[in-house]
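Just so we're on the same page, the numbering used here is the position in the sequence shown counted from 1, plus 127. In this text, a Cβ means the ideal position worked out from N, Cα and C, and glycines have one as well.
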Amino acid sequence: MAEKKHLKQRINEGEVIIGAIVGWDTGSDRLKEILDQYPYDFFSLDSQHSPFSEEKLVDFCNMADEVGADMHFRIKHTRHSYLIGNILDLGPTLIEVPQVENVATVDESIEHFYFPPVARRSWIGGASKGFEERGSDRIAYANWWNTYGVLWMQIESINSVTDVRKIAKHGIDCVSWGPADLSFSRESNPEHPFKTDEDCVRYVVNQLEGTGVRLAYRSYDPALRDKYIDMGATVLLEVPK
């Protein structure tokens, strides 16, 4: 029997992946209820706009693991990309870096996300995903992680959308945005040819062609799922009912 494809493989191959945005007060019963409603591929927690507790993140990742789901986590600030390895030690398997504007942030994120020989993430803590199964074999774990973890950059300005081809470097799995911050940027640049969010989606999808990097989009409403899939987004973040 063929081994089941994990999330990074499915994302890289362009399969449609749907994540469920949840709050920090969500309990294990609610996670199960959400999965009963729809077979979401992962759960998503945010620290950019929410209080953040390392202990709570560990607990949440353990709950997600118990129901067989991966955990996505948006770090608190762009300049915290040097802490990605430390955050991964707490259990998430998908890391999103907000408000990326330059390639230097991308390079630093890659550096602390992947283990040698790909990059230089430091050896792990016991809450890291897969530690109990593979942690005793350092090389096996590093090789596994380097083909398992999902790294994405959030591009939330006209400049970063325009430069998406530079940001979509090898090692990045997704680029993403939500409509609010990018709208601020568009409104501040009325002369720019990207007049709508849809203009940005079409441009980014075109620029990503052939890179293997996918567009993730915070569509929030499950009713909008088909709209953004039809436009070329393959990873969506929704708020479950």
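_C-alpha gap between Arg137 and Ile145, whole angstroms_ = Taking the first residue of the sequence shown as position 1, residue 137 is located at position 10. Taking the first residue of the sequence shown as position 1, residue 145 is located at position 18. Cα-Cα distance, rounded: 11 angstroms.
For Asp156, which option in Phe179, Phe187, Gln175, Lys131 has the closest C-alpha, if you only look at C-alpha atoms? In the sequence shown, residue 156 corresponds to position 29, counting from 1. Comparing Cα positions, the closest option is Phe187.
Q) Between which two residues does the alpha helix (DSSP H) containing Leu215 stretch? A) Position 88 of the sequence shown, counted from the start, is the residue given in the question as residue 215. Unbroken alpha helix (DSSP H) run through Leu215: 211–215.
**Request:** Look at Ala196 and Phe170 and say whether their C-beta atoms are less than 9 angstroms apart.
**Result:** Translated into the one-based positions of the sequence shown, residue 196 becomes position 69. Translated into the one-based positions of the sequence shown, residue 170 becomes position 43. Going by C-beta atoms, Ala196 is nearer than 9 angstroms to Phe170.
- Task: Could you please give the first and the last residue of the uninterrupted alpha helix (DSSP H) stretch that includes Leu134?
- Result: Reading the sequence shown from its first residue, position 7 is the one you call residue 134. Per DSSP, Leu134 belongs to the alpha helix (DSSP H) from 134–139.
- Residue range of the unbroken alpha helix (DSSP H) whose run includes Tyr268: Mapped onto the sequence shown, residue 268 falls at position 141. Where Tyr268 is concerned, the enclosing alpha helix (DSSP H) stretches over 265–273.
Among the residues of its own chain, which have a CB less than 8 angstroms from the CB of Asp168, if the five just before and after it don't count? Here residue 168 refers to the residue found at position 41 when the sequence shown is read from its first residue. If we look at Asp168 and ignore the five residues flanking it on each side, its Cβ neighbours are Leu134, Arg137, Ile144, Ile145, Gly146, Ala196, Asp197.
Inter-residue Cα distance where the pair is Ser310 and Ser284:
For the purposes of this step, residue 310 is identified with residue 183 of the sequence shown, where counting begins at 1. For the purposes of this step, residue 284 is identified with residue 157 of the sequence shown, where counting begins at 1. Here the C-alpha atom of Ser310 lies approximately 8 angstroms from the C-alpha atom of Ser284.
| field | Other residues of its chain near Thr338: CB distance less than 6 angstroms, five sequence neighbours each side excluded | value | In the sequence shown, counting from the first residue as 1, residue 338 sits at position 211. When the five nearest sequence neighbours on each side are left out, the beta carbons in the same chain lying within less than 6 angstroms of the beta carbon of Thr338 are those of Ala295, in order along the chain.
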